[in-house]
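Participant: Before anything else, here's the structure in question.
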Amino acid sequence: MQQQQPAVRRGAKTRETTATDDAAANVKRSLADKPPFTLADMKRAIPPHCFRRSVLRSSSYLLRDLSAVAALFYVALVAIPSLPAAGALRVAAWPLYWAAQGCALNSVWVIAHECGHHAFSEHAALDDAVGFALHTALLVPYFSWKHSHRRHHANSASLDRDEVYVPWKASELPAFVRGLHGNAAVRLVLFVLVLVFGFPLYLTCNITGRPYPRLANHYDPYSPIFSGSRERAQVILSDAGIIAFSLVLYHLSSAVGFATLVLVYGVPLLVVNVWLVLITFLHHTDPVVPRYDSGEWDWLRGALATVDRDYGAFLNAAFHNIADTHVVHHLFPSMPHYHAVEATRAIRPVLGEYYRFDDTPIVQAAWRAAKECLYVEPDGSREGVFWFGSNKS
């Protein structure tokens with residue numbers, strides 16, 4: 035097999051391009067070419083045990099996460115209220131709790147996501163049962179999101195068929211959006227709002243989702259997102275789960291008070307939304323990540339159009355390496371997370387320059403993407419390939 039070039043790296047200290055625009059353009063063009071390897075080539079490079087799913091090992095990670103969540107709930111319900119009511123310690127304790135519990139619940143979210151990919155165990159029914167329980171407790175319609183997310187994996191980086199983070203084409207960008215986006219302060223406010231509320235708005239209003247001829251949402255069994263009686267029945271089941279858990283929350287609110295419920299559960303859930311949107315946005319949004327129209331797109335190039343990122347050793351581990359092994363996840367989504375780091379190392383020599391890793395500090399990378407990745411423009415030399423255009427304002 036042809037030997038590949040070193041992996042594409044990008045960051046504050048190491049970048050995949052030289053200082054010249056021409057060199058950067060050449061890198062972009064090479065990364066959008068059809069790769070000289072196949073999915074089978076990558077699978078052969080990965081040790082076979084990486085594809086094995088152990089219910090015991092998966093359950094041990096879930097137990098770890100749930101134990102952390104339970105311990106933090108105890109802190110919120112017992113330890114923090116024992117602090118002086120008007121003291122600085124209590125004032126400081128709540129934000130620390132929200133940050134910690136948001137991270138712990140996001141770890142649970144990732145396990146539920148694995149269940150949706152049948153990566154938790156060898157038993158699909160068990161995976162769906164566990165995923166349904168976990169996602170419902172986080173107010174996510176499990177089957178509804180599972181089906182739309184599967185379509186995202188099947189159509190990643192397609193301007194016409196991808197399900198989420200579908201950018202405007204430059205020719206279609208409304209003038210008022212360009213104007214708002216050109217103001218840094220407005221851009222910051224809008225980006226924060228998207229981080230906090232973007233996921234529920236995606237579920238309810240299809241914000242940043244694939245354009246459909248009518249309103250698409252994850253709660254309507256007849257939404258254009260879904261097809262077939264089985265999917266529609268599972269959407270109804272997901273809705274029933276959300277309604278049932280909402281009733282549980284209502285009774286908890288009656289027992290402990292609405293304010294306590296918001297402090298203990300509501301705010302950490304918003305933190306989960308922030309992590310979810312930030313991580314997934316940065317997976318698929320970067321000036322070096324191409325998009326393709328339906329005439330040029332193919333599954334392998336779409337799956338490779340994602341970026342691994344480093345959130346630091348602690349958060350990488352806490353979030354089950356969802357952020358720093360996303361490339362291999364798109365290639366082999368049913369692989370359990372605890373083999374993803376090893377599998378990533380195994381395929382990097384095969385991928386060569388087609389592997390994208392960015393070690394830019396996350397806040398810096400997020401702001402760069404928010405500024406430079408509002409719309410896409412045609413490649414100019416190849417029909418059907420698009421790149422994010424920079425906002426020069």
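Using this note's numbering, count along the sequence shown one by one with no gaps and you end on 427.
Heads up, the beta-carbon is just placed ideally off N, CA and C, and yes, glycines get one too.
With distance defined between alpha-carbon atoms, name the residue in 371, 252, 134 nearest to residue 89.
Facilitator: Against the sequence shown, residue 89 aligns to sequence position 55. Ranking the options by Cα distance to residue 89, first place goes to 371.
Participant: Quick one: any contact between the region 72-91 and the region 124-139, if contact means 3 or more CB pairs under 8 Å?
Facilitator: Result no; under three Cβ-Cβ pairs closer than 8 Å.
Participant: Going residue by residue through the region 135-217, where are the continuous alpha helix (DSSP H) segments of at least 4 residues, counting only ones entirely within it?
Facilitator: The qualifying runs are 158-171, 176-188, 209-215.
Participant: Based on Cα-Cα distance, which residue from 405, 211, 188 lies nearest to residue 333?
Facilitator: In the sequence shown, the residue the question calls residue 333 occupies position 299. Answer by Cα proximity: 188.
Participant: Go through its chain and collect everything with a Cβ distance to residue 260's Cβ below 7 Å, but skip five positions before and after it.
Facilitator: Residue numbering aside, residue 260 sits at position 226 when the sequence shown is read from its first letter. The answer, listed in chain order, is 181, 266, 269.
Participant: Taking all protein chains shown into account, do 16 or more other C-beta atoms lie within 10 angstroms of the C-beta of residue 252, making it buried, or fewer, making it exposed?
Facilitator: On the sequence shown, position 218 is the one that residue 252 refers to. Result: buried.
Participant: Mind checking residue 197: buried by the 16 CB within 10 Å criterion, or exposed?
Facilitator: Reading the sequence shown from its first residue, position 163 is the one you call residue 197. Taking every protein chain shown into account, the CB of residue 197 has 16 or more other CB atoms within 10 angstroms, so this residue is buried.
Participant: Under the DSSP definition of a beta bridge, which residues are partnered with residue 342?
Facilitator: On the sequence shown, residue 342 is found 308 positions in, with the first residue counted as 1. Paired residues: 391.
Participant: Mind the definition here: the region 293-310 touches the region 215-230 only if three or more C-beta pairs lie below 8 Å; say whether that holds.
Facilitator: Yes: the two stretches touch, three or more of their Cβ pairs being nearer than 8 Å.
Participant: Answer yes or no: the CB of residue 189 versus the heavy atoms of the ligand SAM, is any distance below 8 Å?
Facilitator: This structure does not include the ligand SAM; it has no bound ligands of any sort.
Participant: Please list the terminal residues of the continuous alpha helix (DSSP H) segment that includes residue 275.
Facilitator: Position 241 of the sequence shown, counted from the start, is the residue given in the question as residue 275. Per DSSP, residue 275 belongs to the alpha helix (DSSP H) from 263-290.
Participant: Can you give me the start and stop residues for the alpha helix (DSSP H) that residue 103 sits inside?
Facilitator: Within the sequence shown, residue 103 is the residue found at index 69, counting from 1. Taken as a continuous stretch (DSSP letters only), the alpha helix (DSSP H) holding residue 103 covers 89-108.
Participant: Under a three-way DSSP split, which group does residue 325 fall into?
Facilitator: Position 291 of the sequence shown, counted from the first residue, corresponds to residue 325. Residue 325: strand per DSSP, three-state reduction.
Participant: Reducing DSSP to helix, strand and coil, say where residue 417 ends up.
Facilitator: For the purposes of this step, residue 417 is taken as the residue at position 383 of the sequence shown. In the structure shown, residue 417 sits in coil (DSSP, three-state: anything other than H, G, I, E or B).
Participant: Taking C-beta to C-beta, are residue 316 and residue 400 nearer than 9 Å?
Facilitator: What you label residue 316 is simply residue 282 of the sequence shown in a count that begins at 1. What you label residue 400 is simply residue 366 of the sequence shown in a count that begins at 1. Yes. Within cutoff.
Participant: Per DSSP, residue 423 forms a beta bridge with which residues?
Facilitator: To locate residue 423, count along the sequence shown from 1; it is residue 389. BP columns for residue 423 point to 409.
Participant: On the DSSP bridge assignment, give the partners of residue 243 in chain order.
Facilitator: Taking the first residue of the sequence shown as 1, we reach residue 243 at position 209. Beta-bridge pairing links residue 243 to 198.
Participant: Count the other CB atoms, across all protein chains shown, that sit within 10 Å of the CB of residue 264; report buried if there are 16 or more and exposed otherwise.
Facilitator: Position 230 of the sequence shown, counted from the first residue, corresponds to residue 264. By the 10 Å Cβ count, residue 264 comes out exposed.
Participant: Note the first and the last residue of the continuous alpha helix (DSSP H) segment covering residue 308.
Facilitator: Residue mapping note: residue 308 aligns to position 274 of the sequence shown, counting from 1. 301-318 is the span of the alpha helix (DSSP H), which, as asked, contains residue 308.
Participant: If you run the structure through DSSP and keep just helix, strand and coil, what is residue 236?
Facilitator: The residue you call residue 236 lines up with position 202 of the sequence shown. Assigned with DSSP and collapsed to three states, residue 236 falls in helix.
Participant: Among the residues of its own chain, which have a CB less than 6 Å from the CB of residue 338, if the five just before and after it don't count?
Facilitator: For this step, residue 338 is matched to residue 304 along the sequence shown. For residue 338, the CB contacts under 6 Å within the same chain, skipping 5 residues up- and downstream, are 388 in chain order.
Participant: What separation, rounded to the nearest whole angstrom, lies between the Cα atoms of residue 58 and residue 330?
Facilitator: What you label residue 58 is simply residue 24 of the sequence shown in a count that begins at 1. What you label residue 330 is simply residue 296 of the sequence shown in a count that begins at 1. Confidence at residue 58 is low in this model, with a pLDDT of 46, below 50, so the placement of that residue should be treated as unreliable; the coordinate-derived value is given next. The alpha-carbon atoms of residue 58 and residue 330 are separated by roughly 21 Å.
Participant: Report the three-state DSSP secondary structure of residue 331 (helix, strand or coil).
Facilitator: If you number the sequence shown from 1, residue 331 lands on position 297. The answer is coil: DSSP assigns residue 331 none of H, G, I, E or B.
Participant: Quick one: what does DSSP say residue 382 is sitting in, helix, strand or coil?
Facilitator: Reading the sequence shown from its first residue, position 348 is the one you call residue 382. If DSSP states are grouped into helix, strand and coil, residue 382 belongs with the helices.
Participant: Can the beta-carbon of residue 129 be found closer than 9 Å to that of residue 319?
Facilitator: Taking the first residue of the sequence shown as position 1, residue 129 is located at position 95. Taking the first residue of the sequence shown as position 1, residue 319 is located at position 285. Not closer than 9 Å, so no.
Participant: Can you tell me whether residue 243 is buried or exposed? The criterion is at least 16 other CB atoms within 10 Å of its CB, across all chains shown.
Facilitator: Start at 1 with the first residue of the sequence shown, and residue 243 comes out as number 209. Within 10 angstroms of the beta-carbon of residue 243 lie 16 or more other beta-carbons, which makes it buried.
Participant: Count the other CB atoms within 10 Å of the CB of residue 278; is the residue buried (16 or more) or exposed (fewer)?
Facilitator: Working through the sequence shown from its first residue, we reach residue 278 at position 244. Answer is exposed; the Cβ neighbour count stays below 16.
Participant: Out of 69, 111, 237, which has the shortest C-alpha to C-alpha gap to residue 255?
Facilitator: Translated into the one-based positions of the sequence shown, residue 255 becomes position 221. Here the closest residue by C-alpha is 237.
Participant: When the Cα of residue 342 is compared with those of 336, 335, 358, 353, which residue comes out closest?
Facilitator: By 1-based counting over the sequence shown, the position of residue 342 is 308. Residue 358 is the option with its Cα nearest to residue 342.
Participant: Suppose you measure from the CA of residue 422 to the CA of residue 104; what does that come to, to the nearest Å?
Facilitator: For the purposes of this step, residue 422 is taken as residue 388 along the sequence shown, with counting starting at 1. For the purposes of this step, residue 104 is taken as residue 70 along the sequence shown, with counting starting at 1. Spanning the alpha carbons of residue 422 and residue 104 requires a straight line of approximately 43 Å.
Participant: Let me check understanding here. Comparing Cα to Cα, which of 392, 107, 177 lies closest to residue 276?
Facilitator: In the sequence shown, the residue the question calls residue 276 occupies position 242. The candidate whose alpha carbon is nearest that of residue 276 is 177.
Participant: Can you say whether residue 192 is buried or exposed, counting buried as having 16 or more other CB atoms within 10 angstroms of its CB?
Facilitator: Along the sequence shown, one-based indexing puts residue 192 at 158. Buried, by the Cβ-count rule.
Participant: Excluding five sequence neighbours on each side, which residues of the same chain lie with their C-beta closer than 6 Å to the C-beta of residue 309?
Facilitator: The sequence position of residue 309 within the sequence shown is 275, counting from 1. For residue 309, where only same-chain residues beyond five positions count, the Cβ hits under 6 Å are 140.
Participant: Grouping DSSP H, G and I as helix and E and B as strand, with all else coil, what is residue 76?
Facilitator: Along the sequence shown, read from residue 1 onward, the residue named residue 76 stands at position 42. Note: residue 76 maps to helix in three-state DSSP.
Participant: Whole-angstrom Cβ separation of residue 112 and residue 131, contact assumed at under 8 Å?
Facilitator: The residue you call residue 112 lines up with position 78 of the sequence shown. The residue you call residue 131 lines up with position 97 of the sequence shown. That belief does not hold up - the Cβ atoms of residue 112 and residue 131 are roughly 12 Å apart, past 8 Å.
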